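Residue numbers (our numbering), protein chains in the order written: chain D, 1 to 511; chain R, 512 to 980; chain W, 981 to 1259.
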Amino acid sequence: MKDYEIVKNAYYDSVTLMSTTVSIKKALNLKDLVMFMGTDMNKDMMESVGLYDKKFDDATPNDLLIGIEMHETIDGWVDQVLDKLSNKTNQNQDQSQTVFKTISQAKQAKDSNIAIISVPGIYAANEAYKALENNMHVMLFSDNVSVEDEIGLKDLAIKKDLLVMGPDCGTAIINGMGLCFANQVSKGHIGLVAASGTGLQEVTVIIDRFGGGISQAIGVGGRDLSEAVGGKMMLKSIDALSEDDETEVIVLISKPPHKSVLDKILTKIKDLNKPVVVCLLDAVVNENIKDVHFVSTLTEAAQKALELGGFKTPDLMTIDKETETLIEKEQLLKVKSQDKIKGLFCGGTLTAETLSVLRGKVHDIISNVAKKKDEIMINPMESHGHNLVDLGDDVFTQGKPHPMIEPMIRLDRIIQEAKNPETSVILLDFELGLGSHEDPVGVTIETIEEALAIAKKDNRHLSFVAYVCGTNKDAQNLEKSEAMLKEHGVIIAKTNAHAALIASKIVGGKL
Amino acid sequence: MSISKLFSETLKVVNVGSPSFKKDFETQGLDYVHLEWKPPASGDLKLLSLLNQIRPYSEQIEKANEEVVSKIKAAEAKLVAVKQAKDVIPNMTSHTILHSGPPIAFDNMVGPMQGAIIGALMYEGLAKDEKEATLLAKSGKITFDSAHHHQAVGPMAGIISASMPVHVLYNEIHGNYSYCTINEGLGKVLRYGANSNEVLDRLKFMETTVMPVLNEAVELAKGIDIKSIITQALHMGDECHNRNKASSALFLREVAGYIVQTSFSDEMKSGTLNFIKNNEHYFLNLSMPYCKLALDSARHTPYSTVVVAMSRNGVDFGIQLAHSDKWFTAPANYVKGLMFPGFTEDDAAPDIGDSAITETCGIGGFAMGGAPAIVQFVGGVVKQAYDYSKEMHEITSGKHQVFTLPPLDFMPTALGIDILKVVETNILPIINTGMAHKKAGVGQVGAGLVNPPMACFEKALEDYAKGVK
Amino acid sequence: MTIRGGCMKQKYEIESMSISVYMLIKKFGGMLFGIHKHSLHIKLSGKLITIGHDISEGMHHIKLKEPLDFKDYDLRADTHVYLYDDILNIGPLAFVLSEASIKTFIPYEHNYQLDDEIEDLSHHLNHMIEKKISNHIIHKYNQVVMNLVFDHVNQFIENQSLEHAIKLLGLGPGLTPYGDDILVGYILGKNSIGHQIDWIDDLIDLADQKTNHLSAQNIKDTYEKMYPMIYIQMIEDIFIHKKIEHAKKLMEIGDTSGIGMLIGFLHGIKEGEHKNERL
């Protein structure tokens, strides 16, 4: 049924008119709502669509005509429309800016559906419980949450069919929105579940780069696949993605899980209705399951997912002619002492992946993220031999911001490595996107120049290989960042694994 | 609210923690709310862990609290009689003296309470002077008990002895009763510990004149609706704890005609009328028993974390929860506010009296927003009165229906103090109250605001956590 | 934060105000009549002035240095607006003028030649417009209505005659109706290539009657070549620098206004075989 109203001398700007129309239509579940200035032409138009009333006859072009079509009579619709137009909240006008102190207050006022929690770990679980009790999903960015709490939260969440992403979950992309540290990627049909933030970032940006898109990217936190937690959230998320119409391919990303958990995952994915790509980095899985593809690098995970989605990618795990030429140039300028790779990373998983790739190609590589005894870096502060340092590790970030937020932390270390005569290649990663520093490359460039100069004075030539994990939609802009690095002679890799391969080639590693 | 539903909805975020994420939400046009977050229980991990232990019962607790609030709201209150304590108060004997606040031994009581008891003993004829009365009080022959245990309440010292007239209130919804003495007025009065002849004479006058006249008038009226007077008075600038002008006038208006119709002499009738008229706090001794009546009707609701009594005996502050009759006590705070001329903060006794029952029931300090005149007593600005009334909603389980505050757009007052919310938010209930001189018999020395000690709520929480498992 | 009618005024700085508006306010004062979240409207001697931060400099615009949420202040319609000591007073708000902020706006008389590069840019812009319309605009409005509107627009584009231009006046959604935006863009386009529209005077005469004051004022200002800065930036961007950054910015204005103006502009700069044009 239809109703009409004129608002005299109504000068509401178009954006307000539009957003009011859209939100009132949704809130009141209307068949239609039209609001036009009372000009002759608009009157004609409203008449021709059957939304005209004779009270409109006297309206002037400076008045606003409102025509509404409801499924059933809604009293007070005019007030609701006017309130929204004048931007009034429906609470006490006394509060011009409502302050929310608790999750339940916010939920009551705004019907929020997800809480993003980053308070200190000791309080984080409490807040997460409150959110779940209020039927909200949770992204738990905080770390230092106890295992018991993690299990309690996830059990409650599963009971209520809610997500608990974390604890220690830094990345998620839900409904196209990047949460915490995430890149702006296209929307599409590949769904991901990851127990690693930078791992998730890496795969999503590669997918975006080659034309694919993300339906949902769910983070489950670094400890989800431990024996105690048992992969609860990963299993739940796999279910959710398998039911999601938008998702056609599922990708699972994690560092090697506990055996019991791996078994549960394998059982779950055996009978899924969609193809699954599984990347567990170092873990070797000798299973042959229909429509399940096991890969060992993030790059291959992205490539496989794209392939399954019908997208083509170049072979990212080989070095093309152009890059070969660059590599040869670098090799010509080396002196004998230079034969080691020094990797300085902001992203932990990228460090782990690089270790995984280089392990078979160079001798004796160590890292502060290594799990194998013979690869552990005894003192992360001092480099020797081939080493890969994750500067985001706790030992570096006590009382200091994480290098993804404040890349300056890495600069001193770059100079340190430049002074070391055995350094041949310095391997760097740069993370763009939400949450990250506004210009991670820009703030590092000078140091790269300085490092090159230091080595040059000593008649050594330093090679810099960099990988920028980002997209052109990110504020820091992938193209711009890569261009800046190229200008300074840095070799740009297409993916993180690709960067490892390039570094390996430069020092003469195995293919 | 399922995961698949989330995937098809617009994200609406609540950001709990780092404000640095805000700009990223804005860049993407994400609908978000940033919480003004403070660590719960002021960061006290012990309390947090207690709250966590209770968490699995939150559904039952919510239901129980809702039930409690409903019962309180549903209670009606009629003044049905004015009789001597020994005739109506349960378990009252000739040698029983009731006092305000949680139980306390005579020797530990403050000056005003001891002074009032001495006065009461003399009034009862059990002792002929102060010395005798004191000996008697210490002898063990007198049974002292909290008025609360006898469905009664009293302001300040709150002393009730056998012969004293009490208002009798009846709640026809639940069939329970409550009792409260008649307010003597200002100046040198028993409730502040004065016990001179003047005081005793006045008490006698109330027993022999006011009680019979008022009782017959109330019977003729078939009961006076106390709740309705409170509802109206809240719209007239009263909060029915420290400001009772309008409610007292309304009460007089209700009862005057019937007083005239009673069978007593003109002298007695006019004496009664004038007595009521001259006491602008007369109604306090009716609003308090209304609150007691309403809150008592919700007692013994298992699982509930709502407070049904807040009371002080001059030394300790005590609270009781709806699910048990245990008292949780801690040393009372001193009232902060304005002193009457000639007195300093040093002169004041700690917070004392049963009158905090008004705040427990959502009026008094909780209705400050409707009684801006009170603000003079707290040395503040009117906006604070509004803010307090609003803030109380954060620690209660519900709100009133008919008690509303006109200056706040007829916002209803907060009802049902929930110890869990008090501990979590670190917001304490606000009480508007008078200050008594610490020496017996001097009287009121000021008025202001006070909070119960947080320790009461912490103890209640500990006990609850233990008991709920 | 609410400023509760206190005696201390919040002072904000004005970035740009035209000298003609300055003189009018000084002499006659104005009246507040529109209060929106990010802009205010003032009536001033028959003109409509817009105050805000996110608007471009222009003859009838007062641009503020910092963004304000006007809903936070106790502003009422019919408040008198006046200048005193170079401070513009509007209720509880005070806006500070400096010498540098008073600007002279003169008609923009430059015109340009078309070339292949510009035609390419045109195509590119048209493509972007189509995408935006189909992705964002179509879904929000009543389909039937929008089809009618687009019909009229298409007919105008085909014929570019007075009869069809009149049908665009006051037509469509928005505070400045979509049809008006098309016309504004079209006039802007014709101006920029030095073409005179035969029927323009007749159209201007009808504007006040057929559409609201603000939109009519807009059309007239464009006709008189009194452009807000964003138009000038766009014209120079395209014709001189061969870039479309400012055209893209224009597209983001309002809900459909920017798009409408750009569509009109792109058709306006086309050399026509229409008899309406004169070189």
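Yeah, the Cβ is synthetic: ideal placement off N, Cα and C, and Gly gets one too.
Computed from a prediction, not measured in an experiment: that's the story for all the values here.
If only complete runs of 4 or more residues are kept, the segment 373-452 of chain D shows the alpha helix (DSSP H) at 394-397, 408-419, in order along the chain.
Taken atom to atom, the span from the alpha-carbon of D/K101 to that of R/E547 is near 5 Å. Contact check between the segment 584-600 of chain R and the segment 726-740 of chain R: three or more CB pairs, one atom from each, fall below 8 Å, which counts as touching. Chain W places no beta carbon closer than 9 Å to that of D/V185, leaving this residue out of the contacts.
Per the C-alpha coordinates, the member of D/G508, D/I68, D/M404 positioned closest to D/V22 is D/I68.
Annotation for R/F762: the continuous alpha helix (DSSP H) segment containing it runs 756-772. Uninterrupted alpha helix (DSSP H) stretches at least 4 residues long and entirely within the segment 257-345 of chain D occur at 259-270, 298-308, 321-332, given in chain order.
The beta carbon of R/V934 sits closer than 7 Å to the beta carbons of A552, L558, L562, F968, E969, L972 from its chain, once the five residues preceding and following it are set aside; these are given in chain order.
Going by C-alpha positions, W/G1152 is about 36 Å away from W/E993. Between W/G1159 and chain D, the shortest Cβ-Cβ separation is below 9 Å.
Measuring C-alpha to C-alpha distances from D/M408 to each of D/G470, D/L308, D/G442 identifies D/G442 as the nearest. Taking C-beta atoms under 8 Å as the contact rule, R/V677 and R/K594 qualify, at a distance of about 7 Å. Under the Cβ distance rule, D/D57 does not count among the residues neighbouring chain W, no pair being separated by less than 9 Å.
Taking C-beta separations shorter than 6 Å and ignoring five residues to either side along the sequence, the partners of R/C802 in its chain run I868, T869, C872, following chain order. For D/M45, no beta strand (DSSP E) encloses it; the enclosing alpha helix (DSSP H) starts and ends at 40-48.
At the C-beta level, R/I670 and R/S758 stay beyond 9 Å of one another. At a cut-off of 9 Å between beta-carbon atoms, D/T102 makes contact with chain R.
Assignment of R/C967 by DSSP, reduced to helix, strand and coil, places it in the helix class.
A direct Cα-Cα distance of roughly 39 Å separates D/I506 from D/P167. Closest by C-alpha distance to R/K756, out of R/I930, R/L797, R/G782, R/D929, is R/L797. The three-state reading of DSSP puts R/R823 in strand, counting E and B together.
Rounded to whole angstroms, R/P601 and D/M233 show a C-alpha spacing of 60 Å. When DSSP assignments are scanned along the segment 158-196 of chain D, the uninterrupted stretches of beta strand (DSSP E) that are 3 or more residues long and fall wholly within it turn out to be 171-174, 177-180, 187-194. Identification of chain R residues near D/G178 by a Cβ-Cβ cut-off of 8 Å yields D535, Q539, ordered along the chain.
For R/T692 against R/A728, the beta-carbon gap comes to about 18 Å, at or over 8 Å, which does not count as contact. Annotation: Cβ neighbours of D/S118 in chain R (cutoff 9 Å, chain order): N526, V527, G528, S529, S531, F532. Under the DSSP assignment, R/C872 falls outside any beta strand (DSSP E); it carries neither an H nor an E label. Interface with chain R (9 Å Cβ-Cβ cutoff): D/V292 is excluded. Unbroken beta strand (DSSP E) stretches of 3 residues or longer found wholly inside the segment 612-636 of chain R: none. Per DSSP, R/V599 is one residue of the alpha helix (DSSP H) stretching across 596-599. Proximity of chain W to D/Y52 at the Cβ level (cut-off 8 Å) is not reached, the minimal Cβ distance being about 12 Å. Spanning the alpha carbons of D/V203 and D/M139 requires a straight line of approximately 20 Å.
For R/P842, the three-state secondary structure derived from DSSP is strand.
Residues of the segment 208-242 of chain D with a C-beta atom less than 7 Å from some C-beta of chain R are Q216, A240, listed in chain order.
With a threshold of 9 Å between beta carbons, D/T351 makes no contact with chain W.
Against chain D, a Cβ distance below 9 Å from W/G1154 picks out D13, S14, L17, M18, F36, M37.
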